[in-house]
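So in UniProt numbering, spot 428 of the sequence shown is number 428, and the numbers just go up one at a time. Here's the structure, in structure tokens; my notes come after.
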Amino acid sequence: MTNAFSKKTASILLVFILVVFFVAVGTVAKKRDGGEDERPLRIVMANDIPFSPFLWVEAKRDYGMQVEIDLGGDTVELSRKIANGELGDEYDAVWLATNSYVNLQNNEALGESYGLASDTLGLALRSKDLDRLGWQKKQVTWNDVREAVTRGDLTFGMADPGKSNLGMQSLIGILYKIGGLQSDDLAEEVAGKVHPQLKKFFGAQVLLSDTSDELYDRFSATDDVAQAVFAFSSDEKLLRDNGEITFVIPADRIGFNDFPISVIKNPDDEEAEASAHAKTKAFADWVTQHGNELRHKIRVELGDSPGQRRADTTAHKLPGSKQEFENTLRFYREELLRPRDINLLVDVSASMQGEKFREAKKDILDLLGEQAGVNGRAVNITTSSTSSSKAFTQKDYSPDDPKHARTLKDYVDRMAARQEANIYYQLYREYLRIPQRGNLIQGQSIVLLTSGTPAKGVDYAEWSHELRYRERKEGVIFPVYIVHYGNENAEDMQRLAEETGGEVFKAKEGGLATALDRASKYWAT
1 MTNAFSKKTA SILLVFILVV FFVAVGTVAK KRDGGEDERP LRIVMANDIP FSPFLWVEAK
61 RDYGMQVEID LGGDTVELSR KIANGELGDE YDAVWLATNS YVNLQNNEAL GESYGLASDT
121 LGLALRSKDL DRLGWQKKQV TWNDVREAVT RGDLTFGMAD PGKSNLGMQS LIGILYKIGG
181 LQSDDLAEEV AGKVHPQLKK FFGAQVLLSD TSDELYDRFS ATDDVAQAVF AFSSDEKLLR
241 DNGEITFVIP ADRIGFNDFP ISVIKNPDDE EAEASAHAKT KAFADWVTQH GNELRHKIRV
301 ELGDSPGQRR ADTTAHKLPG SKQEFENTLR FYREELLRPR DINLLVDVSA SMQGEKFREA
361 KKDILDLLGE QAGVNGRAVN ITTSSTSSSK AFTQKDYSPD DPKHARTLKD YVDRMAARQE
421 ANIYYQLYRE YLRIPQRGNL IQGQSIVLLT SGTPAKGVDY AEWSHELRYR ERKEGVIFPV
481 YIVHYGNENA EDMQRLAEET GGEVFKAKEG GLATALDRAS KYWAT
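Structure below.
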């Protein structure tokens, strides 16, 4: 099922809603002494819900509405502020995608609450991938999504569950629909159990972003990272200026957000709280009463009563306690999220001949056979030779697997010094290779084993210029951890490491072991 939404229609609708809201508010908002309460209703709204605050400015100008609205960050950030009591003196009501995050932190922060709509979790894909999967005219289900991902036909991205409402709700949806977990048993299910199907599914995750905006921007900007991203049906942003991106909403729908507008409790001024309650209720009542006229004209789904969902939509709740929330997040980060890859780039220039090269080879074989944390990670080894594109790549590497160990040794033994090798040129090529390997690009880094001499060709200035260009285009720089064999061009090596966010380590002082340890702990967000 695909959807395209009209921004113009939504704008007209919201202005219409506000006109009627003004009339309704005038009949219910009274002071206790019987006079009219002329104070504006002050609302702080999350910026990740599909209602533009600028419509309220227009409505106030054209219709004299006494309503003020400000953006206060996304739902997770704004919920923290409300829970901490930071905004009670400034606003009467808060409008969020969900109140779950406020209630997790402080279930006494909000008064009466009215769910105005509902939202559905789905996937955003490009038309070419819909065609490739045969989904253009198919009624897609979550089982179809699971099969496409686990057989290697679809990679995906999602927002970070620890920082984004979209991320956490995407994770919960996957746990239920892909993993078959039951909502009543979430705490037990994520406590130490093995879920091979879920691990295989998350092996196809190649993009992780802090926020939904960042996720959508990255997905819209380039088609060489993720083939799909998890998104809400209300997120029209994905479709703007890009006709190639379409929402797919599986037939067995998952519903989450109810977009509640809630009174912020004000124990120091009961009269003001009562007035805010009356105005807020008037708005919620009107939306509910006019659901039939509105539900086909707005991006979110409206029920016949606050919080009501379509009959074919299953509603799943977010974790109900801090402990359950933290356990779910830990389960994702420690059990499901794909381990960071090991990306070694070996300098094979003439300056590495002799003892330096023998030492580098020995370090690689020793460390990959013994280093804690190597097991189960993908290992990629590339040389700096411009005449050879051969690389060692082993997914789910295990030093205890004789075949893995033998293949690694054969590759390292065959590495030979070459006159034309250039480390800067090969670093650039490595930056291009990493996303193409199907890696989760956040958390990736490069460990460079080098003498520090670049040989002929690309110099540091050219490399630095290209690095800045890629940062602007892709938004990600992979840190380079340098294992320095010798002391040549030490200043350039230090600059290279600092510019990418890496470090330099002396080979004879346990450099490779330390570099691998730093790389395994690095996480880019």
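Heads up, the beta-carbon is just placed ideally off N, CA and C, and yes, glycines get one too. This one's a predicted model, so the numbers in the text were calculated from it and none came from an experiment.
### Nearest candidate by alpha-carbon position, reference Asp517, set Phe478, Val447, Glu499, Asn487
Here residue 517 corresponds to residue number 517 of the sequence shown, with the count starting at 1. It is Val447 whose Cα lies nearest to the Cα of Asp517.
### Message
Quick check on Leu432: buried or exposed, where buried means 16 or more other Cβ atoms within 10 Å of its Cβ?
### Response
Walking along the sequence shown from the start, residue 432 turns up at place 432. With fewer than 16 Cβ atoms within 10 Å of its Cβ, Leu432 is classed as exposed.
### Message
Please report the distance separating the alpha-carbon of Leu87 from that of Gly134.
### Response
Within the sequence shown, numbered from 1, the residue matching residue 87 stands at position 87. Within the sequence shown, numbered from 1, the residue matching residue 134 stands at position 134. One C-alpha to the other measures close to 49 Å.
### Query
The beta strand (DSSP E) spanning Glu112 covers which residue range?
Here residue 112 corresponds to residue number 112 of the sequence shown, with the count starting at 1. Start and end: 110-115.
### Query
With a CB to CB cut of under 7 Å and the five nearest residues on each side skipped, what residues in its chain are close to Arg333?
In the sequence shown, residue 333 corresponds to position 333, counting from 1. Nothing listed; no residue qualifies.
### Query
What is the rounded straight-line gap between the Cα of Asn165 and the Cα of Gln426?
Within the sequence shown, numbered from 1, the residue matching residue 165 stands at position 165. Within the sequence shown, numbered from 1, the residue matching residue 426 stands at position 426. Approximately 39 Å, taken between the alpha carbons.
### Message
What would DSSP say about Met158, mapped onto helix, strand or coil?
### Response
Counting from one through the sequence shown, the residue named residue 158 turns up at place 158. The DSSP-derived three-state label of Met158 is strand.
### Task
Can you have a look at Arg418 and say buried or exposed, based on whether 16 or more other CB atoms are within 10 angstroms of its CB?
The sequence position of residue 418 within the sequence shown is 418, counting from 1. Counting Cβ neighbours within 10 Å, Arg418 comes out buried, since at least 16 surround it.
### Query
Alpha carbon to alpha carbon, what distance is there between Ser275 and Lys31?
One-based indexing of the sequence shown puts residue 31 at position 31. One-based indexing of the sequence shown puts residue 275 at position 275. Only weak support is given to the placement of Lys31: the predicted model assigns it a pLDDT of 49, under 50, and the question is left unresolved by the model.
### Query
Quick one: is Lys317 buried, meaning 16 or more other Cβ sit within 10 Å of its Cβ, or exposed?
As a first step, residue 317 is located in the sequence shown; it is residue number 317 there, counting from the start. Lys317 is exposed by the Cβ-count criterion.
### Query
By a C-beta neighbour count over all protein chains shown, 10 Å radius and 16 as the cutoff for buried, is Thr383 buried or exposed?
Looking up residue 383 in the sequence shown gives position 383. Buried, since its Cβ has 16 or more Cβ neighbours within 10 Å.
### Query
DSSP three-state call for Lys395: helix, strand or coil?
Against the sequence shown, residue 395 aligns to sequence position 395. Residue state, collapsed to three classes: coil.
### Query
Does the beta-carbon of Glu430 have 16 or more other beta-carbons within 10 angstroms, so that it is buried, or is it exposed?
Position 430 of the sequence shown holds residue 430. Buried: at least 16 other Cβ atoms inside 10 Å.
### 8 Å contact criterion, which Val458 and Tyr424 should meet: CB distance rounded
Residue 458 sits at position 458 when you count from the first residue of the sequence shown. Residue 424 sits at position 424 when you count from the first residue of the sequence shown. With a Cβ gap of about 4 Å, Val458 and Tyr424 count as contacting.
### Task
Kindly identify the DSSP beta-bridge partner or partners of Phe232.
Position 232 of the sequence shown, counted from the start, is the residue given in the question as residue 232. BP columns for Phe232 point to Leu121.
### Pick from Gln66, Leu96, Gln105 that is closest to Ser85, judged by C-alpha positions
Numbered from its first residue, the sequence shown carries residue 85 at position 85. The amino acid at residue 85 is misidentified as Ser; the sequence shows Gly. When each option's Cα is compared against that of Gly85, the closest is Gln105.
### Message
Contact defined as beta carbons within less than 8 Å: I believe Val44 pairs with Asp70. What is the distance between those atoms, to the nearest angstrom?
### Response
The residue labelled residue 44 in the question sits at position 44 within the sequence shown. The residue labelled residue 70 in the question sits at position 70 within the sequence shown. Contact between Val44 and Asp70 holds, since their C-beta atoms are separated by about 5 Å, short of 8 Å.
### Task
Have a look at the DSSP bridge pairing and note the partners of Phe505.
For the purposes of this step, residue 505 is identified with residue 505 of the sequence shown, where counting begins at 1. For Phe505, which the question treats as bridged, DSSP gives the partners Val483.
### Range covered by the beta strand (DSSP E) that runs through Trp95
Your numbering for residue 95 matches position 95 in the sequence shown. Its beta strand (DSSP E) spans residues 93-95.
### Paired residues, beta bridge with Asp70 - DSSP
The residue given as residue 70 occupies position 70 in the sequence shown. Partner(s): Val44.
### Task
Below 8 Å CB to CB, which residues in the same chain sit around Val348 once its five sequence neighbours on both sides are set aside?
On the sequence shown, position 348 is the one that residue 348 refers to. So the list reads Phe357, Thr383, Ser384, Ser385, Met415, Ala416, Ala417, Arg418, Ala421, once near-sequence residues are dropped.
### Query
Out of curiosity, what's the CA-to-CA distance linking Gly73 and Ala93?
Here residue 73 refers to the residue found at position 73 when the sequence shown is read from its first residue. Here residue 93 refers to the residue found at position 93 when the sequence shown is read from its first residue. In this structure, the CA atom of Gly73 is about 15 Å from the CA atom of Ala93.
### Message
Between which two residues does the alpha helix (DSSP H) holding Ser79 run?
### Response
Taking the first residue of the sequence shown as position 1, residue 79 is located at position 79. 75-83 is the span of the alpha helix (DSSP H), which, as asked, contains Ser79.
#### Entry: For Thr222 and Arg470, the rounded distance between their alpha carbons
For this step, residue 470 is matched to residue 470 along the sequence shown. For this step, residue 222 is matched to residue 222 along the sequence shown. Cα atoms of Arg470 and Thr222: separation of roughly 12 Å, rounded to the nearest angstrom.
### Start and end residues, alpha helix (DSSP H) containing Arg151
Taking the sequence shown and counting its residues from 1, the one referred to as residue 151 is at position 151. Where Arg151 is concerned, there is no enclosing alpha helix (DSSP H), because DSSP gives it neither an H nor an E.
### Message
Considering only their Cβ atoms, is the gap separating Asn380 from Asn343 smaller than 8 Å?
### Response
For the purposes of this step, residue 343 is identified with residue 343 of the sequence shown, where counting begins at 1. For the purposes of this step, residue 380 is identified with residue 380 of the sequence shown, where counting begins at 1. In this structure, Asn380 lies closer than 8 Å to Asn343 by Cβ.
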